[in-house]
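Quick mapping for you: the protein sequence lines, in order, are chains D and P.
Adding 104 to a residue's 1-based position in the first sequence gives its number in our numbering.
Adding 2 to a residue's 1-based position in the second sequence gives its number in our numbering.
What follows is a single structure, written as structure tokens, with notes after it.
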Amino acid sequence: MEFAELIKTPRADNVVLHRPFYLAVEGTLCLTGHHLIFSSRRQDNAEELWLLHSNIDSIEKRFVGSLGTIVIKCKDLRIIQLDIPGMEECLNIASSIEALSTLDSVTLMYPFFYRPMFEIVEDGWRSFLPDQEFELLSSVTDDWRLSCINKEFSVCPSYPPLIVVPKAVDDEALRKVALFRHGSRFPVLSYYHRKNGMVMMRSSQPLTGTNGRRCKEDEKLINATLRPGKRGYIIDTRSLNVAQQARAKGGGFEQEAHYPQWRRIHKCIERFNILQESLIKLVEACNDQSHNMDRWLSKLEASNWLTHIKEILTAACLAAQCIDREGASVLVHGTEGTDSTLQVTSLAQIILDPRCRTIRGFQSLVVREWLQAGHPFQQRCAQSAYSNSKQKWEAPVFLLFLDCVWQILRQFPCSFEFNEQFLIMLFEHAYASQFGTFLGNNENERSKLKLPQKTMSLWSWVNRSEELSKFQNPLFEANSLVIWPSVAPQSLQLWEGVFLRWNRPSRFLDEAQEEMINIIKYNKELQAKVNALRRQLAEMETDDRMQENL
Amino acid sequence: HFFAQVENVWLLDRLSSRKSALGTLYLTATHVIFVENDSETHKETWVLHSQISSIEKQATTATGCPLLIRCKNFQVIQLVIPQERDCHDVYISLIRLARPVKYEELYCFSFNPKLDKEEREQGWKLVDLNEEYNRMGIPNNYWQISDVNRDYGVCDSYPTEVYVPKSATAHIIVGSSKFRSRRRFPALSYYCKDNNASICRSSQPLSGFSARCLEDEQMLQAIRKANPGSDFIYVVDTRPKLNAMANRAAGKGYENEDNYSNIKFQFIGIENIHVMRNSLQKMLEVCELKSPSMSDFLWGLENSGWLKHIKAIMDAGIFIAKAVAEEGVSVLVHCSDGWDRTAQVCSVASLLLDPYYRTMKGFMVLIEKDWVSFGHKFNHRYGNLDGDPKEISPVIDQFIECVWQLMEQFPCAFEFNERFLIHIQHHIYSCQFGNFLCNSQKERRELKVQERTYSLWAHLWKNRADYLNPLYRADHSQTQGTLHPQMAPCNFLYKFWSGMYNRFEKGLHPRQSVTDYLMAVKEETQQLEEELEVLGERLANLQKSQLLNDHKVKTKQQDRSKQLGLSTSNNSLANTPQEYSNDLKSFPSRSPSQGDEEDSALILTQDNLKSSDLDLSANSDQESGVEDLSCRSPSGGGCLPSEDSGKDSDEAVFLAV
């Protein structure tokens, strides 16, 4: 298919762009296969707006006489309005945008066409390979092995080819366990706590069904992670009720009788359309510019967004608490083990592991616990807050995770190497990107699409010093301790950087950020100067002494 | 000397029963003191009697008799006293001690910071309102100081020195005062020398349904004439229209535009002190909820209406600042008596208009000008002496919160930090300093407050390093000119201030303070600058002569580097929640005797794990996991070296003297 077929009016002049907090600008609108480009014609202040079609969540058009207006709502929550003279031009442009922003074939997406304009220092597709991670693990423990059982994605289609499992369990047993777990997602290692050797594993629900089916290999597998005489916790991210109901559909939970060394705790984390509706309501409340806004807090409350944040963080803290405080190993799962499970395991690691609070470590966490772990990004992030599609598989699971990270970052502003911008950047790229990193729903699909060969990795772009400097937190001081966030309502806040980003003036906050950077930069410069002077003095003094001695 | 001493008292921690402490309770003439038995720390908690807002004796339990003390600085103290009789005694004593009937009983009359007479006098001179009006450019061609109130003869709640338009004769002032509630005639609060626009304040006119007063009309005319660039003035009534109309039946009311030439009349609905008192009460109930859900909290906050009231005050201030700065129009502000809402609105507007009030010194001046000198009834509003509870209302608390909300929106605009605001709020209630005693300047002079007590401003000024905002720079764009905050409908700009209302629950606050971190960096930077200079000199000397004769400098350098090392290690200390490992140690040895609700919620103890028969239907346990975490998780922060405990011990030193 040629994009040109979809573009009936590639260019329109005298278009007026409206955005909140900016004066309206007149300029030219151009449509290309992947971008909507608006350039103002004013010579003094020429500005260009490039918008990826895939970033467009929904568009609305209306007419007053022959002047058409298109309102474009983006997945990054921005809303812009374009006034386009000429009914036909406007209709053409609207229908092109609609078509181009809803292409159904992945291979037509921009990452397959994007040619990087920067020098590639490091191929991001090779930056976080499982065998490198495993090497680190084997330097501290010998209890685990890297299994190639899923090499052809034949055992579990949503798992990566290489997985870390207990050494005591062989591939034959794994195959049996896979049959006993939803979507074949058998328990695998998620995190090893160096401090006390406790581990966190994740899986999907066991397929116990109504008659309490059991699987000896499954029991053996998870027991293999316990030290002699120790007990562990199973954190089920569903309410007990939901877990019990799952039995009717063949799913279920670990029966105490068969897992006597494990204690099960249910922590209800919502999923799917409940989360999507929560996002839609929240964004609606944030965008409400009407003057009877005195019920803002009620609307915030009614969206339940912060309730979800509190639930997810609480479950993650609980998992971290079991591991660090109780010295117990943990298995986390919900139903499929691809959503709430990953929220819990990845947030627990941020709490426990200082490495995950560095830029590189966080990237590695996203790769391990989200991309390789098979979070279906393409399904979940197909639409955002303005979508009308209401598809069950659309859900802001990853955004909730990023929001939770932001909450912890806000409570520990000096313990993270990255800043809020880094999290916002990841949110944007998960929903629309020139990079292939978040395409596909799992490693299997990514390998079929040949993404590493055909597209550029987000990490190749981010991990260059020019970009990295934008994402560095000036306040960072390595903190090797476990950080326990507060989950009290007073401690959790709306993430303004994402949800009010386009409807509040940010100049004064940006200036504060700049001031902070300058204060620290100046301090570092002085330190360098003092050190240099000290060295110089020391050298001169030794020279002097040597001369004296001569 | 102690009034009472009770041993084996439990001080409960609201968030975590594990952090409850056993100790001894002392009642002194000025404080309630709790000293923990723990032989290592002997941690002390000091509460001034004047901070106590309510004492509640609760039903006796197996462990003893619980006593709940709520404080005006939002501290909540829960004690359990073993014997009912002791509890009753403490209760009765505290009721008496927390409700003094004479000013002389207040702490400021016994508080002695070991300053000599001269230092005390200097302290009181730190803020000088004549100097402040001079700074505004007054007296000038339009405004002058009037001695019409020199013996408080015209208005007993006004200061002796009042600034009025030059064309307002004594006859006009006195005539106008007779037409205003409590004789609070229009007087100058702020003057903008760039465009001659001013903010004046007064009480409501006694207009009833039709009364008028020539002198009052002349007075407003005089205010307009003092701003030659404008042909009208705004009269802003900060009450809801309905309230103002109801006042007419009592012979009070508001200005009739037809009677006054060239005024534009405007209502800005800020609710009265009773509504505000109830609103705060409701919000504090939300703050006190035990492990509330997100919905409980947000609903409660919304229903308290607190942030809506804060926004109303801000909006009024923004309206006035706009009129003065952008339109160049003078404004007369009043409410009913002109000492609550009027003070709030005038001071918010001044703060927006003039960067000086956003400095530490300027902020002291602002409070002195709009609140202290113009007769805000501190004693009645903050219940310093036993009085009518219906007079109590968090009027200045709301102003202080408005400032905090502005600091959140303009992080570089204020020279001072959040701590400065919190400590001012604390001392408005503490009665440790004489500044906020009584209801008017007249009463303070009669009581000889300046001769007998110390000034808070001098105390804060001495410790100003603690109150600096590291992001403030005098040459920063945010510190220039008028601040323009967003107006309606951006309700989301107003946020709950947990630093104030949950001030004593450290676990709820961010565990690392950006302000403290940056302050430490800036301090280090300063040391580096000094060292750089020393090193530079040494280098120059060395280069000049090859003689090695700098033993002195070398030792100095070593001292320096020691200092630097110290300050960086302080940084990392602040980042380090080390108490978690302590918690871990203390956890298993937790005494099982303090079994209350919270304890049973702690599902994750080893004991529980062993004894539990892992019953599938034990749903309550599973639910309680939530409670456990929300109790436990915030508990970690409580052990951080807190500025408040530091301050308390500071006071302790003072008391012992």
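Glycine residues also receive a C-beta, built at the ideal position from the N, C-alpha and C atoms.
Remember, it's a predicted structure, so these values are computed and weren't measured experimentally.
For Leu208/P, which residues of its own chain have a beta-carbon under 7 Å away from its beta-carbon, when the five flanking residues on both sides are left out? Hits under 7 Å: Phe181, Arg182, Ser183, Gly253, Lys254.
Is Thr32/P closer than 8 Å to Leu50/P when the C-beta atoms are compared? In this structure, Thr32/P lies closer than 8 Å to Leu50/P by Cβ.
Rank Arg318/D, Ile338/D, Asn300/D by C-alpha distance to the C-alpha of Arg285/D and give the top, closest one. Answer by Cα proximity: Arg318/D.
If we define contact as Cβ-Cβ less than 8 Å, is Tyr126/D a contact residue for chain P? So, not an interface residue.
Among Asp161/D, Leu186/D, Met191/D, nearest to Ser170/D - alpha-carbon criterion: Cα-wise, what sits closest to Ser170/D is Met191/D.
Please name the residue, chosen from Glu133/P, Arg226/P, Leu282/P, Asp317/P, that lies closest to Ser332/P on a Cα-to-Cα basis. Looking at the Cα atoms, Arg226/P is the closest of the given residues.
Could you pull the start and end residues of the alpha helix (DSSP H) that Glu507/P belongs to? Counting along the chain, Glu507/P sits inside no alpha helix (DSSP H), nor does DSSP assign it H or E at all.
What ranges does the beta strand (DSSP E) occupy inside the region 150–238 of chain P, keeping only unbroken runs of at least 3 residues that lie completely in it? Those beta strand (DSSP E) runs which fall completely within the region 150–238 of chain P and span 3+ residues are 164–167, 189–193, 200–204.
Cα separation between Asn548/D and Ala116/D? Rounded to the nearest angstrom, the two C-alpha atoms are 42 Å apart.
Could you name the residues of chain P that Trp400/D contacts, counting a contact when the two beta carbons are closer than 7 Å? Taking a Cβ-Cβ threshold of 7 Å, the residues of chain P close to Trp400/D are Asn493, Phe494, in chain order.
C-alpha gap between His362/D and Leu469/D, whole angstroms: About 32 Å.
Quick check: is the beta carbon of Asn136/P nearer than 8 Å to any beta carbon in chain A? Absent from the structure: chain A. Protein chains present are D and P.
Once you ignore the five residues that flank Asn487/P on each side, which residues in its own chain have a CB closer than 8 Å to its CB? Per the sequence shown, residue 487/P should be read as Pro rather than Asn. Met316, Ile320, Leu354, Leu408, Gln411, Phe412, Leu495.
Kindly indicate if chain P contains any beta-carbon less than 8 Å away from that of Leu451/D. For Leu451/D, no Cβ of chain P is located within less than 8 Å of the residue's own Cβ.
Tell me which residues share the same chain as Gln515/D and place their Cβ nearer than 7 Å to its Cβ, disregarding the 5 neighbours each side in the sequence. Here Gln515/D has Pro589, Ser590, Ser595 as same chain residues with Cβ atoms under 7 Å from its own Cβ, once five neighbours each way along the sequence are excluded.
Reduced DSSP category for Met296/P - H, G, I as helix; E, B as strand; rest coil: In the structure shown, the three-state DSSP call for Met296/P is helix.
Verify whether the separation of the beta carbon atoms of Val78/P and Arg16/P is less than 8 Å. In this structure, Arg16/P lies closer than 8 Å to Val78/P by Cβ.
Let me confirm a value: Gly333/D is counted as buried when at least 16 other C-beta atoms fall within 10 Å, else exposed. Which label applies? Burial state of Gly333/D is exposed, judged by a 10 Å Cβ sphere holding fewer than 16 other Cβ atoms.
Going along the chain, which residues of the region 481–493 of chain D sit with their C-beta nearer than 9 Å to a C-beta in chain P? For the region 481–493 of chain D, which is checked against every Cβ of chain P, not one residue is closer than 9 Å.
Would the beta-carbon of Leu96/P fall within 8 Å of that of Ile57/P? Judged by their CB atoms, Leu96/P and Ile57/P are nearer to each other than the 8 Å cut-off.
Output yes if chain D places a C-beta closer than 8 Å to the C-beta of Trp308/P; else output no. False, the Cβ-Cβ gap to chain D never drops below 8 Å.
Against Phe76/P, what residues of chain D qualify as contacts under a CB-to-CB distance less than 7 Å, listed in chain order? Those within 7 Å of Phe76/P in chain D number zero; the least Cβ separation is about 12 Å.
Along chain P, which residues have their Cβ under 7 Å away from the Cβ of Arg616/D? Note on residue identity: the sequence assigns Ala, not Arg, to residue 616/D. Listed along chain P, the residues sitting closer than 7 Å to Ala616/D by beta-carbon distance are Pro413, Cys414, Leu473.
Am I right that Gly436/P and Cys110/P are in contact with their C-beta atoms under 8 Å? What's the rounded C-beta distance? Yes, they are in contact, since the Cβ atoms of Gly436/P and Cys110/P sit about 5 Å apart, within 8 Å.
Along the chain, where does the beta strand (DSSP E) that runs through Arg249/D open and close? Its beta strand (DSSP E) spans residues 248–251.
Any idea what DSSP makes of Met693/D, helix, strand or coil? Residue coverage of chain D in this structure runs from 105 to 654, which leaves residue 693/D outside it and unanswerable.
Would Phe238/D pass as a contact of Val273/D if the rule is Cβ separation under 8 Å? At least 8 Å separates the beta-carbon of Phe238/D from that of Val273/D.
Could you name the residues of the region 260–279 of chain D whose beta carbon sits closer than 7 Å to any beta carbon of chain P, in the order they occur along the chain? If the cut-off is 7 Å between Cβ atoms, the region 260–279 of chain D has nothing near chain P.
Quick one: is Met247/P buried, meaning 16 or more other Cβ sit within 10 Å of its Cβ, or exposed? Met247/P is classed as exposed because its beta carbon has fewer than 16 other beta carbons within 10 Å across all chains shown.
Just tell me which of Gln400/P, Asn381/P, Asp399/P has its CA closest to the CA of Pro391/P. Of Gln400/P, Asn381/P, Asp399/P, the smallest CA-CA separation from Pro391/P is found for Asn381/P.
Can you list, in chain order, the residues of its chain with a C-beta nearer than 8 Å to that of Ile235/P? Leave out the 5 residues immediately preceding and following it. Contacts found: Leu222, Ile225, Arg226, Asn229, Asn264, Ile265, Lys266, Val331, Ser332, Val333, Leu334.
The alpha helix (DSSP H) spanning Met305/D covers which residue range? First-last for Met305/D: 302–306, but that is the beta strand (DSSP E), not the alpha helix (DSSP H).
Taking the alpha carbon of Pro141/P as the point to measure from, which residue in Gly538/P, Val166/P, Gln545/P, Arg203/P has its own alpha carbon closest? Pro141/P has its Cα closest to that of Val166/P, out of Gly538/P, Val166/P, Gln545/P, Arg203/P.
Measuring only between beta-carbons, confirm whether Met620/D sits less than 8 Å from chain P. Yes, Met620/D counts as interfacial toward chain P.
Beta-carbon contacts of Glu393/P that lie in its chain and below 6 Å, excluding the five residues immediately before and after: Only residues of its own chain outside the window of five on either side were considered, and among them His382 have a CB closer than 6 Å to the CB of Glu393/P, listed in chain order.
Over what stretch of residues does the beta strand (DSSP E) that includes Val331/P continue unbroken? Element bounds for Val331/P: n/a, residue is neither H nor E.
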